[in-house]
Amino acid sequence: MAAAATCGTGAGSTASVASAASKSKVTSFQRRGPRASGTDSGGLRLVSIAGTRPSVRNGQLLVSTGLPALDQLLGGGLAVGTVLLIEEDKYNIYSPLLFKYFLAEGIISGHTLLVASAKEDPADILQELPAPLLDDNCKKELDEDVCNHKTPESNVKMKIAWRYQLLPKMEQIGPVSSSRFGHYYDISKRIPQELIEASNWHGFFLPEKRSSPLKVESCSLTHGYLKLLQFIQNIIYEEGFDGSNPQKKKKNILRIGIQNLGSPLWGDDICCTENCDNSHSLTKFLYLLRGLLRTSLSACIITMPTHLIQNKAIIARVTNLSDTVVGLESFIGSERETNPLYKDYHGLIHIRQIPRLNNLICDESDVKDLAFKLKRKLFTIEYITKLKSYGLQDQKYFLTGHLQRKFAMKKNPFRGSYTLKKTY
Amino acid sequence: MFPELNNLLNITPDRAEQGKLTLLCDAKTDGSFLVHHFLSFYLKANCKVCFVALIQSFSHYNIVGQKLGVSLTSARERGQLVFLEGLKSSVDVFFQANEEPHPLQFLREAKPGNLQPLFEFVREALKPEENGEAAWRCPVLLVDDLSLLLSLGVGAVAVLDFVHYCRATVCWELKGNMVVLVHDSGDAEDEENDILLNGLSHQSHLILRTEGLATGFCRDVHGQLRILWRRPSQPTAPRDRSLTYQYKIQDKSVSFFAKGMSPAVL
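Protein chains in written order, with our numbering: chain A, 1 to 424; chain B, 1001 to 1266.
See the structure below:
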């Protein structure tokens, strides 16, 4: 992917990268002009897309996922041209929230949206997006959550309570897109209707597309995936996200959201049986989608019910085909719901994979024990740092030897991975 | 290329071996740094390289290659590197239904039979010059990665056939080298992948296997590399020599150390 040479880091020789990129136009993103000689014009054009910023590590262009905490865990944000795969939790309660955060961030930043679903009409999905946290309302709203003192002056923002400093505010509401990277949202409220109407979005609702004929003869992709792929390719080509329309004065990002990919509603049976006829349909779709994304200014979020996929090999292949993989595991109905260590949280969040783009290394977070909690207005992600003592009242058990496992959190039960030492 | 890895493997760009198949295998970790190593190694060794890159885009390899000291764009311009970018060509192949053969033609088919067009592409790319003068030292085929072909619908046997044909042409006929990357699915029970991995392990001369640490994530030691020489070049050398090292990947290089001897621990 093209690195923002002028606004990138000192890693590598930026001058040679710029000159190499200027000689040939074979960078995946054709957002540079044919003669980007490494001066400000090429660099500024990259940064000037609203709602994006270059990565600190390698100059890769990043977009926000809508959750600043998740952005930080992914190394600054989601790279443009990559796929974020969300492995849904068991009852699909929390993954739609991440999906909606992503789309809401797109509306606030002024990006174009493409929402695809086989279950809900995209217009309905957009109606349910969370509202951004606003400047004048936030003081009133946060009073109920935060039991701190408040002062009567409403224009002295930072002195009210230390908690308010942690939440950046939007300066203005209305159809003007904000240039800040990453916003906070209030899930108890709906996004204002005028913001949706001012945004540019395309919807793909599978039941409406069934009847139209196929242009490409059927290869192993299921009908739903094929139509979706053609739809995405059409939008990318027509709106010029792949650089095919150089007269467009302002470059923009296309945010693609695909909900419940792989579920039987898409016509795929990998969630139903172990030996399915068309087991390559989903993986082929992901590969072609990634090919489309790499050659255009777009980012994609996919939620997938991987807990339903019976063939573990397919999950491994899907993980290898996606760039960033985040898994949600909710405690509802499991034995962890009554575990005292987890009583403040609603579930665990696993960052299973982060891509190494243009680099040998990636920004992996050191802490692997992350949990999420759905408060009344916010979805928060926190490190589990508390070590509770549990056991009989007159004896304290201390936890030693906590093993941090990359993959095995689901397989080993929680108690099995701890060794307990009794102290009196 | 990583000088420490060259020392471990006992090779230098000046005296690269010929006729070898190297298998790169990663289990529970990312072994793509080895692909970057071999790509820059063979380009520095003045070999003609055909790179079938299915998993990442050209500019990704280019930018990492520049950190390691080779420029892929200039190598491609002077004809030393033939690059097949899988992601970009797959979109072209799939959406524009031409009838002319394309190396990734199997994407159009419902049940892909074999990888013959891909093999023809490789053979065409690495065939020696007609005028008899060898501008490059020996041809090299790099594939990143073969497990992806299984995800795209090609059978394990078809992939093994492709590797066999390539080995016969590149390693035996043209006296070149081959380097392929395969993911090891571990306990995910991917039978096709296991067939592919076992078949390749028997054919290869050198196996570099990267594994994640058994105890999980560590900031200072990123994994473990197991080097297995399967058919030693000298008959007097002991058979099937194997070494294990742990490594840490840095921004421009990888440092290797013996097990338990990480600088962070000592």
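We treat Cβ as the ideally placed atom computed from N, Cα and C, and that holds for glycine. All values derive from a computational prediction rather than experimental measurement.
Where Ser1201 (chain B) and Asn1193 (chain B) are concerned, what is the direct C-alpha to C-alpha distance, given to the nearest angstrom?
The count along the second sequence starts at 1 and reaches residue 1201 (chain B) at position 201. The count along the second sequence starts at 1 and reaches residue 1193 (chain B) at position 193. Approximately 12 Å, taken between the alpha carbons.
In angstroms with no decimal places, state the Cα-to-Cα distance between Asp1026 (chain B) and Gln1224 (chain B).
If you number the second sequence from 1, residue 1026 (chain B) lands on position 26. If you number the second sequence from 1, residue 1224 (chain B) lands on position 224. Distance between the alpha carbons of Asp1026 (chain B) and Gln1224 (chain B) is about 10 Å.
Using a Cβ-Cβ cut-off of 6 Å (strictly less than) and excluding sequence neighbours within five positions of Phe379 (chain A), which residues of its own chain qualify?
Translated into positions along the first sequence, residue 379 (chain A) becomes position 379. These residues qualify, in order along the chain: Leu97.
Give the residues of chain B in contact with Tyr383 (chain A), contact being defined as C-beta atoms less than 8 Å apart.
Here residue 383 (chain A) is taken as the residue at index 383 of the first sequence, counted from 1. Per Cβ cutoff of 8 Å: no residues; Tyr383 (chain A) is ~14 Å from chain B at best.
Does the pairing of the region 289 to 306 of chain A with the region 1081 to 1094 of chain B give three or more beta-carbon distances under 8 Å?
Flag = yes, the region 289 to 306 of chain A and the region 1081 to 1094 of chain B touch.
Of the residues that make up the region 317 to 334 of chain A, which ones have a beta carbon closer than 8 Å to any beta carbon in chain B?
For the region 317 to 334 of chain A, which is checked against every Cβ of chain B, the residues closer than 8 Å are Arg317, Asn320, Leu321.
Any chance you could list the alpha helix (DSSP H) runs of at least 4 consecutive residues sitting entirely within the region 1138 to 1192 of chain B, in chain order?
1147 to 1151, 1156 to 1166
State whether the region 51 to 63 of chain A contacts the region 248 to 258 of chain A, with contact taken as three or more CB pairs (one from each stretch) at a distance under 8 Å.
yes
If the cut is a Cβ gap below 7 Å, which residues of chain A does Ser1090 (chain B) touch?
The residue given as residue 1090 (chain B) occupies position 90 in the second sequence. Residues of chain A passing the Cβ test: Tyr287, Leu288, Gly291.
Can you check whether the C-beta of Thr295 (chain A) is within less than 9 Å of a C-beta belonging to chain B?
For the purposes of this step, residue 295 (chain A) is identified with residue 295 of the first sequence, where counting begins at 1. Chain B contact via Cβ: present.
Please list the partners that Phe1162 (chain B) has in chain A, where partner means a Cβ-to-Cβ separation under 7 Å.
Your numbering for residue 1162 (chain B) matches position 162 in the second sequence. What Phe1162 (chain B) touches in chain A: nothing, since even the nearest Cβ is about 17 Å away.
Buried or exposed (CB count within 10 angstroms, at least 16 for buried), Thr151 (chain A):
Position 151 of the first sequence, counted from the start, is the residue given in the question as residue 151 (chain A). Below a pLDDT of 50, predicted positions are generally treated as unreliable, and Thr151 (chain A), at 40, falls in that range; no measurement from the model is reported.
Counted within 10 angstroms of its Cβ, other Cβ atoms place Asp245 (chain A) as buried (16 or more) or exposed:
Position 245 of the first sequence, counted from the start, is the residue given in the question as residue 245 (chain A). In the sequence under discussion, the amino acid at residue 245 (chain A) is Asn, which differs from the Asp named in the question. So Asn245 (chain A) counts as exposed.
Sheet register partners of Phe379 (chain A) (DSSP bridge)
For the purposes of this step, residue 379 (chain A) is taken as residue 379 along the first sequence, with counting starting at 1. Answer is A:Leu374.
Leaving aside the five residues before and after Thr319 (chain A) along the sequence, list all residues of the same chain whose C-beta is less than 8 Å from its C-beta, in chain order.
Numbered from 1 along the first sequence, position 319 holds the residue referred to as residue 319 (chain A). Once the five neighbours on either side are set aside, the close Cβ partners of Thr319 (chain A) are Leu85, Val325, Arg352, Gln353.
Can you give the Cα-Cα distance for Gly75 (chain A) and Ser281 (chain A), rounded to whole angstroms?
Counting from 1 along the first sequence, the entry for residue 75 (chain A) is found at position 75. Counting from 1 along the first sequence, the entry for residue 281 (chain A) is found at position 281. Their Cα atoms are separated by approximately 31 Å.
Can you tell me whether DSSP reads Gln1096 (chain B) as helix, strand or coil?
Taking the second sequence and counting its residues from 1, one reaches residue 1096 (chain B) at position 96. In the structure shown, Gln1096 (chain B) sits in coil (DSSP, three-state: anything other than H, G, I, E or B).
Any Cβ of chain E within less than 9 Å of the Cβ of Gln72 (chain A)?
Among the chains of the structure shown, chain E does not appear; the protein chains present are A and B.
What is the rounded straight-line gap between the Cα of Leu1213 (chain B) and the Cα of Ala1258 (chain B)?
What you label residue 1213 (chain B) is simply residue 213 of the second sequence in a count that begins at 1. What you label residue 1258 (chain B) is simply residue 258 of the second sequence in a count that begins at 1. Roughly 14 Å between the two C-alpha positions.
Gly1199 (chain B) CB to nearest chain A CB: under 9 Å?
As a position in the second sequence, residue 1199 (chain B) is number 199, starting the count at 1. Chain A, which has no Cβ nearer than 9 Å to the Cβ of Gly1199 (chain B), makes this no.
Chain A contacts made by the region 1139 to 1154 of chain B, where a contact means CB separation under 8 Å
Ser1147, Leu1148, Leu1150, Ser1151, Leu1152, Gly1153
First and last residue of the alpha helix (DSSP H) that includes Ala1075 (chain B)?
Within the second sequence, residue 1075 (chain B) is the residue found at index 75, counting from 1. From DSSP, the alpha helix (DSSP H) with Ala1075 (chain B) extends over 1072 to 1077.
Can you grab the Cα-Cα spacing for the pair Ile232 (chain A) / Asp1240 (chain B), in whole Å?
For the purposes of this step, residue 232 (chain A) is taken as residue 232 along the first sequence, with counting starting at 1. For the purposes of this step, residue 1240 (chain B) is taken as residue 240 along the second sequence, with counting starting at 1. Distance between the alpha carbons of Ile232 (chain A) and Asp1240 (chain B): 51 Å.
Check the Cβ-Cβ distances between Lys368 (chain A) and every residue of chain B, and say whether any is below 9 Å.
Locating residue 368 (chain A) in the first sequence gives position 368, counting from the first residue. True, the Cβ-Cβ gap to chain B drops below 9 Å.
Assign Ala299 (chain A) to one of three DSSP states: helix, strand, or coil.
Your numbering for residue 299 (chain A) matches position 299 in the first sequence. Strand at Ala299 (chain A).
For Met1001 (chain B), count neighbouring C-beta atoms within 10 Å of its own C-beta (all shown protein chains included) and say buried if the count is 16 or more, exposed if not.
By 1-based counting over the second sequence, the position of residue 1001 (chain B) is 1. Met1001 (chain B) comes out buried.
Hey, does Gln1250 (chain B) have any beta-carbon neighbour from chain A nearer than 9 Å?
Position 250 of the second sequence, counted from the start, is the residue given in the question as residue 1250 (chain B). Yes - at least one Cβ of chain A is within 9 Å of the one on Gln1250 (chain B).
is_contact[Arg1219 (chain B), chain A] using C-beta, thresh 9 Å
Taking the first residue of the second sequence as 1, we reach residue 1219 (chain B) at position 219. Yes, its Cβ sits closer than 9 Å to a Cβ of chain A.
Can you grab the Cα-Cα spacing for the pair Glu1129 (chain B) / Phe181 (chain A), in whole Å?
What you label residue 1129 (chain B) is simply residue 129 of the second sequence in a count that begins at 1. What you label residue 181 (chain A) is simply residue 181 of the first sequence in a count that begins at 1. Roughly 54 Å separates the two Cα atoms.
Min CB distance Val1064 (chain B) to chain A below 9 Å
Start at 1 with the first residue of the second sequence, and residue 1064 (chain B) comes out as number 64. Val1064 (chain B) counts as touching chain A.
Nearest-angstrom Cα distance between Phe1121 (chain B) and Leu1196 (chain B)?
Here residue 1121 (chain B) corresponds to residue number 121 of the second sequence, with the count starting at 1. Here residue 1196 (chain B) corresponds to residue number 196 of the second sequence, with the count starting at 1. Their backbone Cα atoms lie some 22 Å apart in a straight line.
Counting C-beta neighbours from all protein chains within 10 Å, is the total for Ile108 (chain A) 16 or more, i.e. buried, or is it exposed?
For the purposes of this step, residue 108 (chain A) is identified with residue 108 of the first sequence, where counting begins at 1. Burial call: buried.
I need the boundaries of the beta strand (DSSP E) containing Tyr1247 (chain B), first residue and last residue.
In the second sequence, counting from the first residue as 1, residue 1247 (chain B) sits at position 247. Segment 1242 to 1249, the beta strand (DSSP E) holding Tyr1247 (chain B).
Any C-beta of chain B under 9 Å from that of Thr273 (chain A)
For the purposes of this step, residue 273 (chain A) is taken as the residue at position 273 of the first sequence. Answer no: the Cβ-Cβ gap between Thr273 (chain A) and chain B never drops below 9 Å.
Contact check, Lys1048 (chain B) vs Gln1080 (chain B) under 8 Å by CB: the rounded distance?
Your numbering for residue 1048 (chain B) matches position 48 in the second sequence. Your numbering for residue 1080 (chain B) matches position 80 in the second sequence. Confirmed, about 6 Å.
Which residues mark the beginning and the end of the alpha helix (DSSP H) in which Val1122 (chain B) is found?
As a working note, residue 1122 (chain B) is residue 122 in the second sequence. That run of the alpha helix (DSSP H) goes 1116 to 1126.
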